[in-house]
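Per the working numbering, the very first residue in the sequence shown carries number 142; after that it's consecutive. Just so you know, even glycine gets a beta-carbon here, dropped at the ideal spot from N, CA and C. All remarks here apply to the structure that follows.
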Amino acid sequence: MIVVGLTGGIGSGKTTVAKQFEELGVPIYIADKEAKSLMRTSKVVKRKLIELFGEKAYIDGHLNKSFIADTIFNNASYLKQMNAIIHPKVAQHFKKWIAKQNAAYVIKEVAILFENDSYKQCDYIITVTTPKTLRIQRLLERDDTTLEKIEAIMKNQWPDEKKMKHSHFVINNIDLEDTKRQVHQINRDILKKIQ
């Protein structure tokens, strides 16, 4: 099965692009969504997160997202350790998921595809780019967040220029119709490459 990695910085519009590929019949795996699900449902992940962050990691069995976000925001070492707990579990889940798919290719959407080395498991890579000012504007409108938090996340992600150098395709996501046109073209190109 051909795996296409889909990545881009926070607020670039990866999920919008993923939905457009899904409309073309491409199975989509959203790693962040699965990571959040595992943090809620996996006993092993829960136990390890409590060992890492302490009892405050969960309140009445529910993930204490704001506490964890604040902790990793203030300490990159916690972020690295948390990723070391979650990423292998997501990779296992992805293997099971991919075995059930029946398509020419699948897309694995991962925010930190390069940063966590999962690009090595991809046959092709698509990076979604958007000017930083537009990304920040989108995030401030969409999420309950601050400029300080957005910039801290951006600091932990590769800059677009670096991602683009390691990508097979780049989508400039500024105008929705133009983005859709780029998605259709990339889908045709991938199908041509794998025939």
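- Distance check between isoleucine 277 and each of Met295, Glu196, Leu179, Gly202 places Met295 closest, using alpha-carbon atoms only.
- Assignment of alpha helix (DSSP H) within the stretch 170–250, counting only whole runs of 4 or more residues, yields 172–182, 184–194, 206–215, 217–240 in chain order.
- Nearest neighbour of glutamate 175 by Cα position, chosen from Leu275, Val145, Ile227, turns out to be Ile227.
- Contact annotation: tyrosine 265 and valine 145 have beta-carbon atoms nearer than 8 Å.
- With respect to the C-alpha of tyrosine 199, the residue from Val185, Lys273, Asn215, Arg181 having the closest C-alpha is Arg181.
- Per DSSP, the beta bridge partners of threonine 268 are Thr148, Val311.
- Going by beta carbons, lysine 155 and alanine 240 fall outside the 8 Å limit.
- Just so you know, the alpha carbons of leucine 317 and tyrosine 246 end up roughly 24 Å apart.
- Under the three-state reduction of DSSP output, isoleucine 253 falls in the coil class, being neither helix nor strand.
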